[in-house]
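Heads up: the protein sequence lines correspond to chains A and B, in order. Residue numbers for the first sequence, in the numbering used here: 546 to 871. Residue numbers for the second sequence, in the numbering used here: 6 to 161. Ideal Cβ placement from N, Cα and C applies to all residues, glycine included.
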Amino acid sequence: MPAAESKENISHRLLLPGSGARYLYFNTCQIDVRARAGHGCPPGGVVMKIHGKIVTHYLSCTSPVDKEGYLYKKRERNTTYLRRWFVLKGNLLYYQERPGDRNLLGVIVLEGCMVQACETDGQFCFSLVFTGPGLRTYRLAADDHLSQENWVSALLCASHLYLSMIVKDLERCYKEARKEKGLCDLIQTEETSDNTMASRNTGHVYFGHGASVVPRDGRSYSTGSVLPSSTTNRPISYSLQPPPVSFKTNNKRSPKLWPKRNAHVTPLNSPAPSYGEWPVVGFDPLEEFSKLHEYYGNEIKELRADWLKKKREEMGYIEEDLIDLG
Amino acid sequence: MRFNEKELIFLSRQPSDRSAELGMRGPKRGDVVKRRLVKLIVNFLFYFRTDEEEPIGALLLEQCRVEREDELVFSIVFLDEAERKYLFECDSRTQCVEWIDAIMKSSYEFMRKNLIFYRTEIHRLTGKDPLEQYGISDETRFQVNTGLPPLHPPLP
Numbered sequence: 546m547p548a549a550e551s552k553e554n555i556s557h558r559l560l561l562p563g564s565g566a567r568y569l570y571f572n573t574c575q576i577d578v579r580a581r582a583g584h585g586c587p588p589g590g591v592v593m594k595i596h597g598k599i600v601t602h603y604l605s606c607t608s609p610v611d612k613e614g615y616l617y618k619k620r621e622r623n624t625t626y627l628r629r630w631f632v633l634k635g636n637l638l639y640y641q642e643r644p645g646d647r648n649l650l651g652v653i654v655l656e657g658c659m660v661q662a663c664e665t666d667g668q669f670c671f672s673l674v675f676t677g678p679g680l681r682t683y684r685l686a687a688d689d690h691l692s693q694e695n696w697v698s699a700l701l702c703a704s705h706l707y708l709s710m711i712v713k714d715l716e717r718c719y720k721e722a723r724k725e726k727g728l729c730d731l732i733q734t735e736e737t738s739d740n741t742m743a744s745r746n747t748g749h750v751y752f753g754h755g756a757s758v759v760p761r762d763g764r765s766y767s768t769g770s771v772l773p774s775s776t777t778n779r780p781i782s783y784s785l786q787p788p789p790v791s792f793k794t795n796n797k798r799s800p801k802l803w804p805k806r807n808a809h810v811t812p813l814n815s816p817a818p819s820y821g822e823w824p825v826v827g828f829d830p831l832e833e834f835s836k837l838h839e840y841y842g843n844e845i846k847e848l849r850a851d852w853l854k855k856k857r858e859e860m861g862y863i864e865e866d867l868i869d870l871g
Numbered sequence: 006m007r008f009n010e011k012e013l014i015f016l017s018r019q020p021s022d023r024s025a026e027l028g029m030r031g032p033k034r035g036d037v038v039k040r041r042l043v044k045l046i047v048n049f050l051f052y053f054r055t056d057e058e059e060p061i062g063a064l065l066l067e068q069c070r071v072e073r074e075d076e077l078v079f080s081i082v083f084l085d086e087a088e089r090k091y092l093f094e095c096d097s098r099t100q101c102v103e104w105i106d107a108i109m110k111s112s113y114e115f116m117r118k119n120l121i122f123y124r125t126e127i128h129r130l131t132g133k134d135p136l137e138q139y140g141i142s143d144e145t146r147f148q149v150n151t152g153l154p155p156l157h158p159p160l161p
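Structure representation (structure tokens):
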């Protein structure tokens, strides 16, 4: 039974009177937020379901780990430090008893915390201080000074907020650098032309490095999924030249001569690609896909009609379709 | 599995650019559509009962796939389990497209790849490593050849 649905639990949530976007101060001291599995209904506790399987899957998937190693973690209501294996990935800090343990003890989401190093009795400690009313401070300790330093610097740049700030800044620098080189703007505007859609590799539309539209039906998008190996091993961008050909294929025999991109790696010293995969704003793949579908579909229909006609002539009778194309 | 719930709840109550009432349906058979306040903050999708201040759940938006199901509906699939599909009903086509875009771009891994791309390109165009000014050039997480074996042994 999902805990969130029980009436008992609802009484612990604050109810907003009517409309209004005021944040109400919530006295979190009354809440027991110790270990829970993400479901169940402890008395007096607020339960927010974390969907643990998704969190653990992120840890165990193929994307690389940012840092891992043994650290000591101070217990919440105790002075003892327990040795734990920590794994830092993205903005999440996981911990378990030993490496390779299937059972995760816990995870700390690293948003909204300060990282502070402290020297106490020769212990190489540091803290994750969450800033806010009633929020916790995690006290950790490393084996030596170097480890402490490395962990602190790794944790300092681990938050999503930090990363997004850097990315925004780099985006600005990138545009400036391109302007200085006299290169045209890579950013697609709202009026994405048919030209650009049909000119991509069949089924693969890049929204930006690392995210691809999976062409099951042309409408899905993945976040951080495993990319074709050429992308993961080659961070240098593809050179995506717009096709020089028109849409009419001259060769009616082969449907494979569809206009396609030349994807090749830009050599280091050559000019940047004049057309980019970056980012397509206002793009509605549902609309574009049906256009694509229709366009290529018509081509197939024509080819099929040609083929059938030839067959009739050769064989002297009408041959049935092996597949009913409707 | 423990997690810092209080801190996450605090995070969920911060202002968000991407916050709306949507129809939400869980992945289990028998789950029905319920009106929820859905809020995208960093790489988490929080969802609340429409009249409550505290979220009832948080979905980590990593290793997931966002799909357009319909004019107004999008889905998020986790763990490559097609059965574990969460559905979201929007009020307009624009809203649907915008949410898909926002969710996809919110993933930490997506942003990391952007960073690596920009870093590489800026270096190629200017000869300078843009991360030097931040003092984070050597951080493992921002390395260009992430995924390949490290050139030097990992730091202790």
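Item, Value
"Beta-carbon separation (whole angstroms), CYS670/A vs PRO135/B, contact threshold 8 Å", "Actually they do not touch by this definition, with Cβ atoms about 33 Å apart."
"Within the stretch 10-87 of chain B, ranges of the beta strand (DSSP E) (whole runs, at least 3 residues)", "23-30, 39-46, 49-54, 62-65, 69-73 and 78-83"
"8 Å Cβ cutoff, ARG7/B in contact with chain A", "yes"
"Burial state of HIS690/A (16 or more Cβ within 10 Å)", "exposed"
"Residues near LYS612/A by beta carbon distance below 6 Å, same chain, minus five either side", "LEU633 and ALA699"
"Beta-carbon neighbours of GLY597/A, restricted to chain B and to distances below 7 Å", "MET6"
"Candidates LEU673/A, GLU642/A and PRO678/A: closest to ARG18/B by CA position", "PRO678/A"
"Proximity below 8 Å, CB of LEU655/A to CB of LEU627/A", "no"
"Min CB distance MET116/B to chain A below 8 Å", "yes"
"Under the three-state DSSP convention, the category LYS133/B falls into", "coil"
"Three-way DSSP call (helix, strand, coil) for LEU649/A in this model", "coil"
"Per-residue burial, MET593/A [other beta carbons within 10 Å of its own, 16 or more giving buried]", "buried"
"Buried/exposed call for SER142/B, threshold 16 Cβ in 10 Å", "exposed"
"Spatial distance of ALA850/A from HIS838/A (CA atoms)", "18 Å"
"Environment of TRP104/B [buried if 16+ CB atoms lie within 10 Å]", "buried"
"Length of the line joining the Cα atoms of LEU728/A and THR131/B", "13 Å"
"Every unbroken alpha helix (DSSP H) inside the stretch 677-714 of chain A [4 residues or more]", "690-701"
"Residues of its chain near GLU2/B, where Cβ-Cβ distance is below 8 Å and the 5 sequence neighbours each way are ignored", "Since the first and last residues shown for chain B are 6 and 161, residue 2/B lies out of range."
"DSSP state of SER142/B mapped onto helix, strand, coil", "coil"
"Any non-hydrogen atom of the ligand ATP within 7 Å of PHE671/A CB", "With respect to small molecules bound, the structure shown includes none, and the ligand ATP cannot be examined in it."
"MET659/A at chain B interface by Cβ criterion, 8 Å", "no"
"Option in LEU701/A, SER608/A, LEU680/A and GLU721/A with minimal Cα separation from GLU621/A", "LEU680/A"
"Under the three-state DSSP convention, the category VAL600/A falls into", "helix"
"Beta carbon of PHE8/B nearer than 8 Å to that of ILE595/A", "yes"
"C-alpha gap between ARG124/B and GLU144/B, whole angstroms", "13 Å"
"Cβ separation of SER672/A and MET116/B, assumed to be a contact under 8 Å, to the nearest whole Å", "Their Cβ separation, rounded to whole angstroms, is 26 Å, which puts SER672/A and MET116/B out of contact at 8 Å."
"Residues that ALA63/B contacts on chain A, provided the C-beta gap is smaller than 8 Å", "MET593, LYS594, ILE595 and HIS596"
"Chain B contact for ASP646/A (CB, 8 Å cutoff)", "no"
"When ASP714/A, LYS724/A and ARG684/A are compared against LYS619/A, the one with the closest alpha-carbon", "ARG684/A"
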